Amino acid sequence: MKNIMKNMLSRLLLICVTLLCAGLSGCMDDGQTLILPTPASSETPPTNLLTQDSLIWVPEYKLPPGWHINLDNPEAARGKTGQGLPSELKVFYLGSVEKNSPLSSLRDRLYQETYCQDQAPGSFTNCQRGFQKITREIDGFHAEILRYYGTWRDDQQEVNEIYLDHDGIIMRISSEGDFQEILPAIQSMLQTISWTREKQRSGPAQEPEELGL
């Protein structure tokens with residue numbers, strides 16, 4: 005009895021295999037290749053990673069002798085303008101006048117963020133020397149300036165945060181050091197600056213200290 009059942013199961017298995025092979029050969033008679041499904045990957049590709057394809061505004065400008073522009077980070081420059089620490093200069097593109105708040109509003113917003121009553125931990129602002137709000141022209145361009153003192157290098161270092169309308173483009177120029185000594189460099193910048201859209205650099209920008217400036 006066991007042998008009969010074993011023979012019947014063997015024949016049934018043989019018939020199933022034959023039918024399966026016949027079906028597969030019929031599917032591939034027209035030259036198509038049978039593609040078996042592969043298991044889905046359990047890893048979801050990341051969609052929020054920063055890439056080097058995004059464009060940023062990069063300045064190009066000239067400064068007087070004694071100033072050095074950081075080639076890896078051209079919005080920053082450093083120069084020896086007098087006794088003591090080197091002066092520093094940074095420029096930032098804020099967009100068109102139509103897409104920005106008035107210059108005085110931008111300056112006052114920064115004042116609220118910097119004011120010592122709610123001074124953030126780690127701030128180097130010299131609160132005892134206070135703040136000045138200044139309205140003036142620089143090389144014929146309207147500017148609103150917030151002046152205060154204190155940097156990580158020296159609590160007596162003068163800081164000027166300048167919001168300026170440069171032919172319809174709002175720029176923020178940050179300077180560290182005596183304003184009158186830095187003014188020729190700012191004027192040279194305003195006379196020669198242009199902006200281009202470029203891809204972000206692949207490596208970290210070097211600071212002036214790393215360049216020996």
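Read in order, the letters of the sequence shown correspond to residues 5 to 217 in the working numbering. In this text, a Cβ means the ideal position worked out from N, Cα and C, and glycines have one as well. Since we're looking at a predicted model, the values are computed, not measured.
First through last residue of the alpha helix (DSSP H) which encompasses residue i
i    : result
S192 : 183 to 196
R113 : 107 to 118
Secondary structure of residue i, DSSP reduced to three states
i    : result
D33  : Any reading at D33 is ruled out, since the residue's pLDDT is 45, under 50, leaving its predicted position unreliable.
K94  : strand
E102 : helix
P49  : Below a pLDDT of 50, predicted positions are generally treated as unreliable, and P49, at 42, falls in that range; the measurement from the model is reported next regardless. Here P49 sits in coil by DSSP.
Integer Cβ distance of residue i from residue j, believed to fall under 8 Å
i    : j    : result
E79  : V95  : 5 Å
G172 : V101 : 5 Å
S194 : I142 : Going by the sequence as given, residue 194 is Leu instead of Ser. Rounded, the Cβ-Cβ distance is 7 Å, consistent with contact.
Y167 : L93  : That belief does not hold up - the Cβ atoms of Y167 and L93 are roughly 15 Å apart, past 8 Å.
I177 : I190 : 6 Å
Residues sharing a beta bridge with residue i, DSSP
i    : result
Y153 : E162
V62  : T200
D169 : I174
F128 : F128 is not bridged to any residue.
E180 : E92, V163
E79  : Paired residues: none, contrary to the question.
CB of residue i within 9 Å of CB of residue j, strictly
i    : j    : result
R140 : A147 : yes
N164 : I186 : yes
F128 : G154 : yes
H72  : G86  : no
I2   : Q204 : In the structure displayed, the chain extends from 5 to 217; residue 2 sits before or after that span and is not available.
L67  : S192 : yes
The beta strand (DSSP E) enclosing residue i, as first and last residue numbers
i    : result
Q139 : Correcting the residue identity first, residue 139 is Thr in this sequence and not Gln. Run containing T139: 136 to 142, per the beta strand (DSSP E) assignment.
G86  : Segment: none, G86 is in no beta strand (DSSP E) and carries neither H nor E.
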